[in-house]
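In full-length UniProt numbering, the protein residues as written are 1 to 739.
No residue lacks a Cβ here, since even glycine has one placed at the ideal position from N, Cα and C.
It should be emphasised that the depicted structure is a prediction, and the values quoted were computed from it without experimental measurement.
In structure tokens:
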């Protein structure tokens, strides 16, 4: 299965991505000068320490009291100057550099024949083929998971290669170039000018049948029928030498490229092949370039099942490429970024986006790929102690709505609708709790439980009784949204918002379960339960929709992109009654009617919400909209601009449409569209502790193999219409009837 194009990319957002979890590469595919944009997930600008406003602790209670008194505008007027951070911004991700490969034998006016560039999702290989001047050219590349290096190989069929390999960086932001030997150069510098992290990019080029010459920051290959190269990187704190990082490279021999390639394919496929999803593909459509298939949908074609499968698999590929043990968590753009100062800092927005990146790790069985998120969470909780103390005067730990790789969870930016949201740590905690339910990894539980306790120590004190007697987070917001107060003022600051309450209920419920399961902290259980019992329940407004705030405020953005009040439906599990589900459906329909889902990640959330409501047809329609509105020619998701969360959220949604589970039940085909009458999904993991292989044909379940021990008391639900009356029940073969 592959993504392919008959032409080079026109811009960076159409390049094809490679990644090892740490090293990222985006390849343009140009035949005259092939540009490869390089990233290292460690290359951030210098850390911004101590950003908490020094006046915050003295004024936070006053802001809360004004909110409780209904004086929202006064509360915001005080909160801005006293609680907004200074400096406002965290560190941002930076591009590492560029490798420009110029073919000296390509005429400027020459048009290549039979051009094709391909990203093979089954092998994680990039290939580029074309004919020019009666000569066939092939370029192949991959990033190795073992040594976090980019490898590339060029061949010419008849003539010889004449290539210039030049290492550089955006705006020439590097400080020196070193010639290390007769085929290796190193450029180095610092992020953030001279004050950030020390980085190095090393390029080695080998041409066994030709000549290699080093000139400055360029390596020249001449008279070779083939050649190969390797790019590695190192990033360390400002004053540290990075040369020890390069010592870990695979030694070079005559067979290095072939050996590393074969080994990498094996390692990659062991991860990629854990699940397999199939829908019938039209053979004629399968021959079309990827962009043409997208264009067909944009012109009104009803569906393309093969492209749906490709996008599902692309999510798996991108996760493996951007999140591996020992690397940093996948950020807003995974690991791919072309800018020195990217939009939103290309870091971690934790009021939906980062968590969405990791939804698929549970059902698609990617425990190792979740580990960088665990590391980020634990680092942020550790740093959050200082934020809790200096900003609120409280014990424990708190994280707001953004993080960088240094774990800085103090408020980010000066936008009232997002900055003062103190629940980011809770959402991250809940994501890891949900992953534990899938993995049953006791080591994970042991690692995260102390951090849960530190967060609880903060909220035990931070949550205070609101005017109605409930415990509420104040001040807070419903992420990035606004409302009208006092008839004509625009405001965001509030207390006890619906998402905060849903997050806290799940968090305290999980914490209590963990403590009992681990046999720890019996003396704290009563206090935690008291907090849980005093959180405001989810309310339904007079118009029948889930209420977003304590009060029914007029809305500014009726089609707001966030679906925060529906956290309890998905990714949470607490909307179980028909009344709450109906109110959630009205909420979704209202927002979509007014233009919501305009960003890729928002639409991915919508698909998951429809799946959780059991509406396969609505989910299917949203999937088609994802292709026509929010998917680029290389199938990367668009906010716009490019953000990777929508890709990951899409892959999870497919699994959610076919299998849903809790620790106490499994449901097959909860949201299967009629258009998907035949297919299979194998290797899908459930929260009931088993893995399923499922197949269906003509709308009927034909196979359900259960791997693992499913307790007898855990039902497997299947609606009667999915059972063929003329054939045996596949569930009875497994010892489980349908419910």
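Selected residue, minimal CA-CA separation from residue i, among the options
i: residue 643; options: 632, 653 and 652; result: 632
i: residue 657; options: 363, 369 and 527; result: 363
i: residue 423; options: 379, 507 and 67; result: 507
i: residue 131; options: 30, 492, 223 and 523; result: 30
i: residue 268; options: 296, 286, 319 and 306; result: 319
i: residue 433; options: 71, 96, 158 and 504; result: 504
i: residue 379; options: 220, 184 and 403; result: 403
i: residue 431; options: 502, 420, 401 and 356; result: 356
i: residue 97; options: 340, 253 and 302; result: 340
i: residue 89; options: 113, 713, 343 and 17; result: 343
i: residue 696; options: 709, 481 and 724; result: 724
i: residue 500; options: 280, 448 and 400; result: 400
i: residue 61; options: 462, 222 and 24; result: 462
i: residue 557; options: 591, 129 and 469; result: 591
i: residue 322; options: 337, 308, 311 and 607; result: 337
i: residue 726; options: 698, 716, 616 and 396; result: 698
i: residue 715; options: 527, 640, 690 and 227; result: 690
i: residue 366; options: 181, 398, 388 and 325; result: 325
Per-residue DSSP class, three states only, for residue i
i: residue 86; result: coil
i: residue 739; result: Caution applies to residue 739, whose pLDDT of 49 falls short of 50 and renders its modelled position unreliable; the value that the coordinates give is listed next. Residue 739 falls in the coil class under three-state DSSP.
i: residue 815; result: This structure cannot speak to residue 815, because the chain is shown only from 1 to 739.
i: residue 389; result: helix
i: residue 568; result: coil
i: residue 217; result: coil
i: residue 667; result: strand
i: residue 437; result: helix
i: residue 265; result: helix
i: residue 112; result: coil
i: residue 59; result: helix
i: residue 26; result: strand
i: residue 290; result: helix
i: residue 17; result: strand
i: residue 142; result: strand
i: residue 722; result: helix
i: residue 299; result: coil
i: residue 410; result: coil
Whole-angstrom C-beta distance between residue j and residue i, which should lie under 8 Å
i: residue 57; j: residue 393; result: 4 Å
i: residue 686; j: residue 661; result: 4 Å
i: residue 408; j: residue 48; result: 6 Å
i: residue 85; j: residue 412; result: 7 Å
i: residue 145; j: residue 21; result: 7 Å
i: residue 121; j: residue 313; result: 5 Å
i: residue 179; j: residue 214; result: 5 Å
i: residue 555; j: residue 483; result: 6 Å
i: residue 668; j: residue 694; result: 7 Å
i: residue 416; j: residue 52; result: That belief does not hold up - the Cβ atoms of residue 416 and residue 52 are roughly 17 Å apart, past 8 Å.
i: residue 718; j: residue 731; result: 6 Å
Cβ-Cβ distance between residue i and residue j below 9 Å
i: residue 168; j: residue 187; result: yes
i: residue 565; j: residue 664; result: no
i: residue 603; j: residue 570; result: no
i: residue 568; j: residue 605; result: no
i: residue 445; j: residue 436; result: yes
i: residue 153; j: residue 140; result: yes
i: residue 45; j: residue 94; result: yes
i: residue 4; j: residue 290; result: yes
i: residue 385; j: residue 479; result: no
i: residue 600; j: residue 647; result: yes
i: residue 578; j: residue 614; result: no
i: residue 63; j: residue 35; result: no
i: residue 151; j: residue 143; result: yes
i: residue 260; j: residue 281; result: no
beta-carbon residue i near the ligand FAD non-hydrogen atom, thresh 8 Å
i: residue 263; result: What this structure holds is no ligand at all, so the ligand FAD is not there to describe.
Does the region 154-165 come into contact with the region 95-106, if we say contact requires no fewer than three beta-carbon pairs (one atom in each stretch) closer than 8 Å?
yes
Just checking, does the region 192-201 make contact with the region 229-240 on the three C-beta pairs under 8 Å criterion?
yes
Using 8 Å as the threshold, is the region 677-687 in touch with the region 276-288, meaning 3 or more CB pairs across them?
yes
When you compare the region 318-337 with the region 31-44, are there three or more beta-carbon pairs, one atom per stretch, that lie closer than 8 Å?
yes
Check whether the region 579-589 and the region 532-551 touch, using three or more Cβ-Cβ pairs below 8 Å as the test.
yes
Given 8 Å, three or more beta-carbon pairs between the region 63-83 and the region 466-481:
yes
Taking contact to mean 3 or more Cβ pairs, one atom from each stretch, closer than 8 Å, check whether the region 350-366 and the region 414-429 are in contact.
yes
For the structure I just gave you, are there three or more beta carbon pairs, one from the region 528-537 and one from the region 508-517, closer than 8 Å?
Result yes; three or more Cβ-Cβ pairs closer than 8 Å.
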